[in-house]
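Engineer: One structure follows; several queries about it will come next.
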Amino acid sequence: MPPTSHAPLRRALAIAFASGALLPLPAVAEDDADQRQTVIVTADRHPRPADQAPGTTVSLPADRVAATVNATNIEDTVKYLPSLLVRKRHIGDTQSPLATRTSGVGASARSLIYADGALLSALIGNNNGLASPRWGLVTPQEVERIDVLYGPFSAAYPGNSIGAVVNITTRMPDKLEASATLGTSVQRFNQYDTQRTLPSYSAGATVGGRLGPLALFASASHVTSSSQPLAYVTATRPAATSTTGIPATGGFNDLNRGGAAIRVIGAGGFEHQRQDFYKLKAALDLTNAVRLTYVGGLFLDDTSATAESYLTSNGAPAYAGTFNIAGYLYPAVPASAFSNNVYRHTERHWSHSLSATGTSGRLDWQVIATLYDFAHDEQRGPTGALPAAASGGAGNITRLEGTGWSTFDAKAGWRGGDHAISAGYHRDRFTLASNRYATADWITGNEGALNLASRGRTRTDALWAQDAWHFAPALTLTVGARQEWWQASDGYNFGLQQSGPPFEKVQPARIASGISPKASLAWAPATSWKVTLSLGRAYRFPTVAELYQTVTTGPNLTSPNPDLRPERASSGELAIEHRGIRLSLFSESIDDALLSQFGVLPPATAPVNFVQNIDRTRTRGIEIAFDKRDVLPGFDLSGSATWVEALIRADAAFASAIGKDVPQVPRRRATIVATWRPSPPVSLTAALRYASRSYATIDNSDPVANTYQGFAGYTVVDLRAAFAVTAHWQLAIGADNVGGARYFLFHPFPQRTFSAELRWRY
Numbered sequence: 003m004p005p006t007s008h009a010p011l012r013r014a015l016a017i018a019f020a021s022g023a024l025l026p027l028p029a030v031a032e033d034d035a036d037q038r039q040t041v042i043v044t045a046d047r048h049p050r051p052a053d054q055a056p057g058t059t060v061s062l063p064a065d066r067v068a069a070t071v072n073a074t075n076i077e078d079t080v081k082y083l084p085s086l087l088v089r090k091r092h093i094g095d096t097q098s099p100l101a102t103r104t105s106g107v108g109a110s111a112r113s114l115i116y117a118d119g120a121l122l123s124a125l126i127g128n129n130n131g132l133a134s135p136r137w138g139l140v141t142p143q144e145v146e147r148i149d150v151l152y153g154p155f156s157a158a159y160p161g162n163s164i165g166a167v168v169n170i171t172t173r174m175p176d177k178l179e180a181s182a183t184l185g186t187s188v189q190r191f192n193q194y195d196t197q198r199t200l201p202s203y204s205a206g207a208t209v210g211g212r213l214g215p216l217a218l219f220a221s222a223s224h225v226t227s228s229s230q231p232l233a234y235v236t237a238t239r240p241a242a243t244s245t246t247g248i249p250a251t252g253g254f255n256d257l258n259r260g261g262a263a264i265r266v267i268g269a270g271g272f273e274h275q276r277q278d279f280y281k282l283k284a285a286l287d288l289t290n291a292v293r294l295t296y297v298g299g300l301f302l303d304d305t306s307a308t309a310e311s312y313l314t315s316n317g318a319p320a321y322a323g324t325f326n327i328a329g330y331l332y333p334a335v336p337a338s339a340f341s342n343n344v345y346r347h348t349e350r351h352w353s354h355s356l357s358a359t360g361t362s363g364r365l366d367w368q369v370i371a372t373l374y375d376f377a378h379d380e381q382r383g384p385t386g387a388l389p390a391a392a393s394g395g396a397g398n399i400t401r402l403e404g405t406g407w408s409t410f411d412a413k414a415g416w417r418g419g420d421h422a423i424s425a426g427y428h429r430d431r432f433t434l435a436s437n438r439y440a441t442a443d444w445i446t447g448n449e450g451a452l453n454l455a456s457r458g459r460t461r462t463d464a465l466w467a468q469d470a471w472h473f474a475p476a477l478t479l480t481v482g483a484r485q486e487w488w489q490a491s492d493g494y495n496f497g498l499q500q501s502g503p504p505f506e507k508v509q510p511a512r513i514a515s516g517i518s519p520k521a522s523l524a525w526a527p528a529t530s531w532k533v534t535l536s537l538g539r540a541y542r543f544p545t546v547a548e549l550y551q552t553v554t555t556g557p558n559l560t561s562p563n564p565d566l567r568p569e570r571a572s573s574g575e576l577a578i579e580h581r582g583i584r585l586s587l588f589s590e591s592i593d594d595a596l597l598s599q600f601g602v603l604p605p606a607t608a609p610v611n612f613v614q615n616i617d618r619t620r621t622r623g624i625e626i627a628f629d630k631r632d633v634l635p636g637f638d639l640s641g642s643a644t645w646v647e648a649l650i651r652a653d654a655a656f657a658s659a660i661g662k663d664v665p666q667v668p669r670r671r672a673t674i675v676a677t678w679r680p681s682p683p684v685s686l687t688a689a690l691r692y693a694s695r696s697y698a699t700i701d702n703s704d705p706v707a708n709t710y711q712g713f714a715g716y717t718v719v720d721l722r723a724a725f726a727v728t729a730h731w732q733l734a735i736g737a738d739n740v741g742g743a744r745y746f747l748f749h750p751f752p753q754r755t756f757s758a759e760l761r762w763r764y
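Everything in the sequence shown is counted per the working numbering, starting at 3 for the first residue and increasing by one.
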């Protein structure tokens, strides 16, 4: 229920700052972490902060990444971890959301990604576009380790942890160090009438050291990449033949995901990207027990996308019109069919974080504030027909300046006797500012009249506390709770319509609150055994884009319901572990799940896709994970297998969805990674990634999976060979998707890609 006054919140915050913010998080010695840790990780062990327990955790150190993963970008590093998928469409892709064992790639707000405590998840939305994580703020070369927490079982994290939390820890040098990296990759793509060789190049450098109490680290990286098509242009194939229309040749007969006959007439979204990233980290030891740290980053992106037609008419490529192809009349292929896949996108984003950490005996504490700012974000695209539109003409300019987020966290804790108590305060603020303007020349023209706008803000305040009680030699009980106060405001939508007056609406403000209890019991009956039962409740509040993003409904414009209710997740996991093998039984039930579905959105009368609350979804599954070192001399083997049943259990607004699979969640997935170290300087790795098909629609009305906009199953094999040439030089060569599998996860995914990397370290 909404709070009736802000006075209780103000009093709670005052208490948090006066007491909780000054009580530190418990320091955990390595032997103590091994004794009380609630799970067995599937990689090298290390101490982990108390606020990360309880629940299943997987940890990946930097040396394992370097030996086993062809990692051009940081998101590549997690692709072999249990039940995780990053929908990375190509090298340098800025739209790479994280999918977990219970949520698909369109649910980016159901996972959290942090780098050194700074939020990389773009919780301005819950989609695989604008709301994708800002992975580009971290490079693989600076990573020390990666920790992944599964499920909403820690009170230290908001309800966005329903799926998983990824914590990236980077290095801070204690002495002079430097590195330089050069990499290249080549993809050979062949599908329909597109055959292209697509090269990518990367370069990076780091330098760091210590000057007395001051530690400094700086890095710079550059990526130039070319992608396969991200979209295909299709037209519905008529049932009857015809002799009318402009004669044209080309294209391919196929089926769309709904099983209807189509003609594939072209491809688009061939992205050419140039990205640069600069980072500075500075850590000042104010005393032996207190450290002040600043991290600043600048991300630059320049992306151009083109399209190609498979059609030829009168000896020239054809893009729009009424065509007769192979005896069938295709009426009025619109100009937008191709021009929507042509654009220029430029970004200049800043990130900042400032933190203070301290420790004194049994007391540890941390205060951190972060800011992410879309200082410049502009996308330009044509509205006219190709090929003329490729060189200019009418179009649109979309700007996102003013979009961004800020966070503040103060967390503290104390360890004494059999208790490890931690607590904290959190505040975040997310802002959406999207404005689209008409322009006379989409390439170089100035902004004209505003024709589409979406704006709004959300804010969350939270207090949390957690106690890990080691009440018996073999038993640890962890209990906690998180109280959150959420509000949305400044919602505004505007849009021009093809007929009638402009659509304009100031949206109402919203306020809500919720408390999320957590509990976990870990039992270690013997040295090599661990059994953990974890239960957690979580609120995932609507994002600003879900509330206020403008939707196009044919010739009219309207906006989603600003009264969306928060998702309420009830999750549980039973994990049984023995000598590096874990079996997990997990369950998740979400009331008022926020998903996009087909329906009528007043005042419009025609059905459209839009976000609304679905009464209930339920997910149940089994996961087996293992990590074995030296199974044979010099031979390591790790992997996982997951079976999931994710169903729509109740949906009053769309009855045909009841009993159907939740979109984008495959029922089966697996990974296996085998590494052979024939001698210390050499590491040879083969990895397999597998997933069964999933559905794109909420009522599962897409029987054809391996087609554009479908979600196909896939089996992909990767290879990597890493060599320590000298103490300072390392060389790696590899291949992803060695078999050249052709599959779709809505978009066509990369085919066989070869890579090479040369690294120097001092």
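Virtual Cβ for every residue (Gly too), placed ideally from N, Cα, C. Predicted model, so just to flag it, every value in this text is computed and none were measured.
Going by DSSP, what residue range makes up the beta strand (DSSP E) through Glu-380?
Structural biologist: Segment 365-384, the beta strand (DSSP E) holding Glu-380.
Engineer: By DSSP, does Gln-143 sit in helix, in strand, or in coil?
Structural biologist: Annotated three-state conformation of Gln-143 is helix, per DSSP.
Engineer: Measure the alpha-carbon distance for Gly-298 versus Ser-353 and round it to whole angstroms.
Structural biologist: 6 Å
Engineer: Whole angstroms are fine: how far does the CA of Phe-756 sit from the CA of Leu-184?
Structural biologist: 14 Å
Engineer: In this structure, does DSSP put Leu-549 in helix, strand or coil?
Structural biologist: helix
Engineer: Quick check for students: name the residue ranges of the alpha helix (DSSP H) that lie wholly in the region 90-117, counting only runs of 4 or more.
Structural biologist: none
Engineer: For Val-765, count the other beta carbons within 10 Å of its own beta carbon; 16 or more makes it buried, fewer makes it exposed. Which is it?
Structural biologist: Outside the modelled stretch of the chain, which goes from 3 to 764, sits residue 765, for which no answer is possible.
Engineer: I believe Phe-496 touches Leu-452 by the beta-carbon criterion, under 8 Å. Please report the beta-carbon distance rounded to the nearest angstrom.
Structural biologist: 7 Å
Engineer: Taking the alpha carbon of Asp-256 as the reference point, which residue from Ala-657, Val-235, Asn-192 and Gly-271 has its own alpha carbon closest?
Structural biologist: Val-235
Engineer: Excluding five sequence neighbours on each side, which residues of the same chain lie with their C-beta closer than 6 Å to the C-beta of Tyr-116?
Structural biologist: Asn-169
Engineer: Return yes when the Cβ of Arg-484 is within less than 8 Å of the Cβ of Ala-157, no when it is not.
Structural biologist: yes
Engineer: Quick check: the region 380-389 against the region 353-368, are at least 3 beta-carbon pairs closer than 8 Å?
Structural biologist: no
Engineer: Could you name each continuous alpha helix (DSSP H) segment of 4 residues or more that falls completely within the region 677-748, going from the start of the chain to the end?
Structural biologist: Under the rule that a run must span 4 or more residues, no alpha helix (DSSP H) segment is found entirely inside the region 677-748.
Engineer: Just mark Ser-696 as buried or exposed, buried being the case when its beta carbon has 16 or more other beta carbons within 10 Å.
Structural biologist: buried
Engineer: What is the C-beta distance between His-730 and Ala-233, in whole angstroms, given that I count them as a contact (C-beta under 8 Å)?
Structural biologist: Contact doesn't hold; Cβ gap of about 44 Å is too wide.
Engineer: Which residue marks the beginning of the alpha helix (DSSP H) containing Thr-70, and which one marks its end?
Structural biologist: 64-70
Engineer: Using the beta-carbon count (16 or more within 10 Å), is Lys-177 buried or exposed?
Structural biologist: exposed
Engineer: Checking the sheet assignment: what are the DSSP bridge partners for Phe-191?
Structural biologist: DSSP lists Arg-198 as partners of Phe-191.
Engineer: Just to confirm before moving on: does the CB-CB distance between Ala-309 and Gly-268 stay below 8 Å?
Structural biologist: yes
Engineer: Taking contact to mean at least 3 C-beta pairs separated by less than 8 Å, is the region 665-672 in contact with the region 628-647?
Structural biologist: yes
Engineer: On a Cα-Cα basis, can you pick out the residue from Ser-536, Thr-70 and Thr-289 that is closest to Gly-153?
Structural biologist: Ser-536
Engineer: Spatial neighbours of Glu-273 within its chain, please: CB distance less than 6 Å, with the 5 preceding and 5 following residues excluded, ordered by chain position.
Structural biologist: Ser-229, Thr-305 and Ala-307
Engineer: Would you give the residue range spanned by the beta strand (DSSP E) that Ala-455 belongs to?
Structural biologist: 452-474
Engineer: Whose C-beta lies closer than 7 Å to the C-beta of Ser-456 among residues of the same chain, with five residues either side of it excluded?
Structural biologist: Cβ neighbours of Ser-456 beyond the five flanking positions: Leu-434, Ser-436, Asn-495, Tyr-550, Gln-551 and Thr-552.
Engineer: Within 10 angstroms of its Cβ, does His-428 collect 16 or more other Cβ (buried), or is it exposed?
Structural biologist: buried
Engineer: Please name the residue, chosen from Ser-223, Gly-394, His-421 and Gln-97, that lies closest to Pro-384 on a Cα-to-Cα basis.
Structural biologist: Out of Ser-223, Gly-394, His-421 and Gln-97, Gly-394 has the C-alpha closest to the C-alpha of Pro-384.
Engineer: To the nearest angstrom, report how far apart Ser-105 and Gly-329 are at their CA atoms.
Structural biologist: Cα to Cα, the separation comes out at about 44 Å.
Engineer: Would you mind working out which of Leu-465, Gly-458, Ala-474 and Trp-525 sits nearest Pro-510, comparing C-alpha positions?
Structural biologist: Gly-458
Engineer: Using only the alpha-carbon positions, how far apart do Asn-769 and Asn-563 sit?
Structural biologist: This structure cannot settle anything about residue 769, because the visible part of the chain is limited to 3 through 764.
Engineer: Distance, Cα to Cα, Ile-264 vs Gly-271?
Structural biologist: Going by the C-alpha atoms only, they are around 20 Å apart.
Engineer: Answer with buried or exposed for Asn-75, where buried requires no fewer than 16 other C-beta atoms within 10 angstroms of its C-beta.
Structural biologist: buried
Engineer: Per the DSSP calculation, Phe-751 is bridged to which residue(s)?
Structural biologist: For Phe-751, which the question treats as bridged, DSSP gives no partner whatsoever.
Engineer: Just curious, the beta strand (DSSP E) that Phe-766 is in, first and last residue?
Structural biologist: Outside the shown range of the chain, which is 3 to 764, sits residue 766, and nothing can be said about it.
Engineer: Just to confirm before moving on: does the CB-CB distance between Leu-597 and Ile-700 stay below 8 Å?
Structural biologist: For Leu-597 and Ile-700, yes; Cβs fall inside 8 Å.
Engineer: Which residue from Ala-442, Ala-743, Asp-420 and Ala-207 puts its Cα closest to that of Val-780?
Structural biologist: Outside the displayed range of the chain (3 to 764) lies residue 780, so it cannot be described from this structure.
Engineer: Measuring only the C-alpha atoms, how far is Gly-94 from Phe-279?
Structural biologist: 12 Å
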